[in-house]
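Colleague: Chains A and B are the protein sequences, given in the same order.
If you use my numbering, the first sequence corresponds to residues 1 to 321, in order.
If you use my numbering, the second sequence corresponds to residues 1 to 321, in order.
Even glycine gets a Cβ: it sits at the ideal position worked out from N, Cα and C.
Protein chains: 2
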Amino acid sequence: MSDLPKKVDIQEEGPREGFQIETGPINTERKIELIDALSETGLKKIQVASFVNPKRVPGWADADAVIDGFGAKEGIVYHALWLNEKGIERAMQHSDKLTHMGSISTTASETFMKHNTNRGFEINREVQRGQLKLYKKYGIEVRRASLMTAFGCNFEGSVVPETAVERLREILDIAAEEGTDIEILSLADTMGWASPKGIKEVVGKVRETWPDKRVCLHLHDTRGMGVANVYAGMEMGVDLFDSSVAGLGGCPFAALKGAAGNVCTEDVVFLCNELGIETGVDLDKLIEVARLAEDIVDHPLPGSIMHAGSLTQYRGAVAAE
Amino acid sequence: MSDLPKKVDIQEEGPREGFQIETGPINTERKIELIDALSETGLKKIQVASFVNPKRVPGWADADAVIDGFGAKEGIVYHALWLNEKGIERAMQHSDKLTHMGSISTTASETFMKHNTNRGFEINREVQRGQLKLYKKYGIEVRRASLMTAFGCNFEGSVVPETAVERLREILDIAAEEGTDIEILSLADTMGWASPKGIKEVVGKVRETWPDKRVCLHLHDTRGMGVANVYAGMEMGVDLFDSSVAGLGGCPFAALKGAAGNVCTEDVVFLCNELGIETGVDLDKLIEVARLAEDIVDHPLPGSIMHAGSLTQYRGAVAAE
């Protein structure tokens, strides 16, 4: 296990992911309550809202009010998602609280891209170039390039590492042409195709190709492989993961029945704790937040540790004897 | 990943585990239906019933009727659980269908043993010796020695590999004294304490100590680490796992709130398929059985693949293009 990192950074996406997909209306106050609770756990980066079309995503119609309402805590990066210039402009109104982070993206599967955004690779390259110019216009830093369906796709099947690298290279070239140096390569398992083997192969090829860039894994737990895939990623030295507290969320456009969302933050923190990997997160506090999330959405959420409890109480009892 | 086995054997425990813990009465016919369906999946070993005190485990009051009812299929080993001589005698009435497999057992944690069986290590050694004599009397082969709480215990905390080996050695010595050669060392994560690190450390020490014996992992998914632990075990060369279809079951005496049961058979088979490891099991048939299990117990079961579906349909569509 020599490649396991000593420290892992976790990027919390629960609020944005969760409130995007929930069908019932959720009070703005309760969304704020969740963000404020997350701020007390030691998480250092929290995606708090989505500035998207309220007709398509009614759950984020109150994004402005949520951001006005939560209490920003020193040392934590709060950021939001947007999909177009209108979203950016809305986010820019909250520059007192939000850190604006640009990213460019592509997919390993062109068929998925066409289903998801109605464009092919050729058009997407120009769209990404446009994004970079837009970010420049707004003075937004761009550090991340994302590859969706990085491990497989319902339409095109498994993704070979060479394809993943080729797709990433295309948008990295565009970034370079626009004078942008991408630091983070984010590999997303959009449709829950990844296995530890796929993780090792794709991450291995990406790291071999760009040894100086940092790899981030954005993993869905659709097929129960989420934690095993995080572990396989860490065995490859990956030290940056997106996750959602309690497993909130999921991609509403991936057309998967019973699709689980992102891997659970507290389950990943538990894994790290047990492996002796530092996260800076207080697991027991985070478990309380996961239970709060379940209370807010008012239905069971997929997290395991939040239901079983951590081992702290037992270890504490043993130590006290 | 050079240590991954080429082939893995899966020992199905769903019927026995599941119907033991379910609170509602389940029709004998439906139990039989599940076993018959499992027999069509390619699984080669199925634990079909429990001959235990019907007052303690009312779910198995109909064990005799279930065994009379199912259709034994050539090439599959069907076996039952018992806890005492009375149970053995009941099982012996079904020697036409059942293969009787004796095992001896101990726990890494004496406190758990006292809670679970009201005896300490010293008494347990004599109990195990008595078991071996009993098996000899009935002509029952004994191939397996089990270590419960092999990775940790709510009462005593984490288990160090040296303790696991010491406890196993005690009962292996007794087996040797009784002229019994144990082939399989089964490590059970009774209370959901295992992490990939614990798996690698304990399995590593056990394999180093007894390189000629086969290690079996009996893993609970209490804290969401089940599949990751299976993967870590396979990375150590483990090629024998207990599991439950759909995640049926759980230990009613482990005093864990929200305790998940064994790791799901179909999720393990999916993992193996994705890693290129042979199991002999037809995943899509097994998923249908998992859904049948959910229908029988009439509440959601923890399996992931059974809800998300396998990748076969998508791969098939791609291949057909």
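(1) Counting only beta-carbon separations shorter than 8 Å, does Cys251(B) have a partner in chain A?
(2) Return helix, strand or coil for Met306(A), following the three-state DSSP convention.
(3) Taking the C-alpha atoms as reference points, what is the distance between Trp210(B) and Val227(A)?
(4) Check the Cβ of Ser195(B) against every Cβ in chain A and list those closer than 7 Å, keeping chain order.
(5) Report yes or no: is there a C-beta of chain A within less than 8 Å of the C-beta of Lys7(B)?
(6) Are the beta-carbon atoms belonging to Asn229(B) and Ala194(B) less than 8 Å from one another?
(7) Since I believe Gly198(A) is in contact with Gly237(A) (beta carbons under 8 Å), could you give me their beta-carbon distance rounded to a whole number of angstroms?
(8) What residues in the stretch 300 to 318 of chain B have a beta carbon less than 7 Å from any beta carbon of chain A?
(9) Assign Phe151(B) to one of three DSSP states: helix, strand, or coil.
(10) Whole angstroms are fine: how far does the CA of Glu266(B) sit from the CA of Asp239(B)?
(11) Whole angstroms is fine: what's the gap from Pro25(B)'s alpha carbon to Ser50(B)'s?
(12) Apart from the five residues on each side of it in sequence, which residues of its chain come closer than 7 Å, Cβ to Cβ, to Phe270(B)?
(13) Going by Cα to Cα distance, which pick from His100(B), Ile88(B), Asn154(B) is closest to Gln313(A)?
(14) What's the call for Thr41(B), buried or exposed, on a 16-neighbour Cβ count within 10 Å?
(15) Hey, which unbroken runs of the alpha helix (DSSP H) at 4 residues or more fall wholly within the stretch 205 to 280 of chain A?
(16) Do you know how far the Cα of Asp62(A) is from the Cα of Lys55(A)?
(17) At least one CB of chain A closer than 8 Å to the CB of Val227(B): is that the case?
(18) In angstroms with no decimal places, state the Cα-to-Cα distance between Ala254(B) and Gly192(B).
(19) Which residues does DSSP list as the beta-bridge partners of Leu187(B)?
(20) Using a Cβ-Cβ cut-off of 6 Å (strictly less than) and excluding sequence neighbours within five positions of Gln47(B), which residues of its own chain qualify?
(21) State the beta-bridge partners of Ala49(B) as determined by DSSP.
(22) Starting from the C-beta of Pro252(A), find all residues in its chain whose C-beta is less than 6 Å away, skip the five residues before and the five after it, and write them out in chain order.
(23) Within 8 Å of any Cβ in chain A, is that where the Cβ of Tyr135(B) sits?
(24) With distances taken from CA atoms, which of Asp68(A), Asp9(A), Leu83(A) is nearest Thr28(A)?
(25) Between Leu217(A) and Lys136(A), what straight-line distance do the alpha-carbon atoms span, to the nearest angstrom?
(26) On the DSSP letters alone, give me the boundaries of the beta strand (DSSP E) that Ile182(B) sits inside.
(27) Determine contact between the stretch 156 to 169 of chain A and the stretch 71 to 88 of chain A, defined as no fewer than three beta-carbon pairs at a distance below 8 Å.
(28) For the stretch 152 to 173 of chain A, list every residue whose C-beta sits within 9 Å of some C-beta in chain B, in sequence order.
(29) Quick one: Cα of His299(A) to Cα of Glu294(B), how far?
(30) I'd like to know whether the C-beta of Ser239(A) is nearer than 8 Å to at least one C-beta of chain B.
(31) Using beta carbons (cut-off 8 Å, strictly below), is Thr222(B) in contact with chain A?
(32) Within 10 angstroms of the Cβ of Gln93(A), are there 16 or more other Cβ atoms? Answer buried if so, exposed if not.
(33) Given a limit of 9 Å on CB to CB distance, which residues of the stretch 174 to 206 of chain A reach chain B?
(34) Which of the residues in the stretch 50 to 78 of chain B, read from start to end, lie with their CB under 7 Å from any CB of chain A?
(35) Quick check on the DSSP output: the beta strand (DSSP E) that includes Thr106(A) runs from which residue to which?
Modeller: With the given structure in hand:
(1) What you label residue 251(B) is simply residue 251 of the second sequence in a count that begins at 1. With a pLDDT of 44 at Cys251(B), under the threshold of 50, the modelled position of this residue cannot be trusted, and the question is left open.
(2) For this step, residue 306(A) is matched to residue 306 along the first sequence. In this structure, Met306(A) counts as helix in the three-state DSSP scheme.
(3) The residue labelled residue 210(B) in the question sits at position 210 within the second sequence. The residue labelled residue 227(A) in the question sits at position 227 within the first sequence. Taking the straight line joining both Cα atoms gives about 30 Å.
(4) In the second sequence, the residue the question calls residue 195(B) occupies position 195. Those are Leu271, Glu274, Leu275, listed as they occur along chain A.
(5) As a position in the second sequence, residue 7(B) is number 7, starting the count at 1. Lys7(B) does not count as touching chain A.
(6) Against the second sequence, residue 229(B) aligns to sequence position 229. Against the second sequence, residue 194(B) aligns to sequence position 194. In contact: Asn229(B) and Ala194(B) (Cβ atoms closer than 8 Å).
(7) The sequence position of residue 237(A) within the first sequence is 237, counting from 1. The sequence position of residue 198(A) within the first sequence is 198, counting from 1. Not confirmed; about 16 Å, so no contact.
(8) Ser304, Ile305, His307, Ala308, Gly309, Leu311, Tyr314, Arg315, Val318
(9) Position 151 of the second sequence, counted from the start, is the residue given in the question as residue 151(B). Looking at Phe151(B) - three-state DSSP - the assignment turns out to be coil, as it is neither helix nor strand.
(10) On the second sequence, position 239 is the one that residue 239(B) refers to. On the second sequence, position 266 is the one that residue 266(B) refers to. Taking the straight line joining both Cα atoms gives about 16 Å.
(11) Residue 25(B) sits at position 25 when you count from the first residue of the second sequence. Residue 50(B) sits at position 50 when you count from the first residue of the second sequence. One C-alpha to the other measures close to 15 Å.
(12) As a first step, residue 270(B) must be located in the second sequence, where it is residue number 270. The residues are Leu283, Ile305, Ser310.
(13) Mapped onto the first sequence, residue 313(A) falls at position 313. The residue with the shortest Cα to Cα distance from Gln313(A) is Asn154(B).
(14) The residue labelled residue 41(B) in the question sits at position 41 within the second sequence. Its Cβ being crowded by 16 or more others within 10 Å, Thr41(B) is buried.
(15) 226 to 235, 265 to 275
(16) Here residue 55(A) refers to the residue found at position 55 when the first sequence is read from its first residue. Here residue 62(A) refers to the residue found at position 62 when the first sequence is read from its first residue. Looking at the two C-alpha atoms, the distance is approximately 12 Å.
(17) Along the second sequence, one-based indexing puts residue 227(B) at 227. Yes - at least one Cβ of chain A is within 8 Å of the one on Val227(B).
(18) Reading the second sequence from its first residue, position 254 is the one you call residue 254(B). Reading the second sequence from its first residue, position 192 is the one you call residue 192(B). Low local confidence applies: a pLDDT of 39 at Ala254(B) is under 50, so the model's placement there is unreliable, and no value is given.
(19) Position 187 of the second sequence, counting from 1, holds the residue named residue 187(B). Answer is Leu147(B), Leu217(B).
(20) One-based indexing of the second sequence puts residue 47(B) at position 47. Counting only Cβ-Cβ distances below 6 Å, and skipping sequence neighbours, we find Glu13, Arg16, His79.
(21) Counted from its first residue, the second sequence places residue 49(B) at position 49. Bridge partners of Ala49(B): Ala80(B).
(22) In the first sequence, the residue the question calls residue 252(A) occupies position 252. Note that Pro252(A) scores 42 on pLDDT, short of 50, meaning its location in the model is unreliable; the coordinates nonetheless yield the value given after this. Closer than 6 Å at Cβ, skipping near neighbours: Ile21.
(23) Within the second sequence, the letter at position 135 stands for residue 135(B). No, its Cβ sits nowhere closer than 8 Å to a Cβ of chain A.
(24) As a position in the first sequence, residue 28(A) is number 28, starting the count at 1. That would be Asp68(A), whose Cα lies nearest to the Cα of Thr28(A).
(25) For this step, residue 217(A) is matched to residue 217 along the first sequence. For this step, residue 136(A) is matched to residue 136 along the first sequence. Whole-angstrom Cα-Cα distance: 26 Å.
(26) The residue you call residue 182(B) lines up with position 182 of the second sequence. Looking at the DSSP string, Ile182(B) is not in any beta strand (DSSP E), and its letter there is neither H nor E.
(27) no
(28) Gly152, Cys153, Asn154, Phe155, Glu156, Gly157, Ser158
(29) The sequence position of residue 299(A) within the first sequence is 299, counting from 1. The sequence position of residue 294(B) within the second sequence is 294, counting from 1. Going by the C-alpha atoms only, they are around 19 Å apart.
(30) Within the first sequence, numbered from 1, the residue matching residue 239(A) stands at position 239. Contrary to the premise, residue 239(A) reads as Asp rather than Ser in this sequence. So, not an interface residue.
(31) The residue given as residue 222(B) occupies position 222 in the second sequence. Yes, because at least one Cβ of chain A sits closer than 8 Å to the Cβ of Thr222(B).
(32) The residue labelled residue 93(A) in the question sits at position 93 within the first sequence. Result: exposed.
(33) Met191, Gly192, Trp193, Ala194, Ser195, Pro196, Lys197, Gly198, Lys200
(34) none
(35) Within the first sequence, the letter at position 106 stands for residue 106(A). It spans 101 to 107 - the beta strand (DSSP E) in which Thr106(A) sits, taken as one unbroken run.
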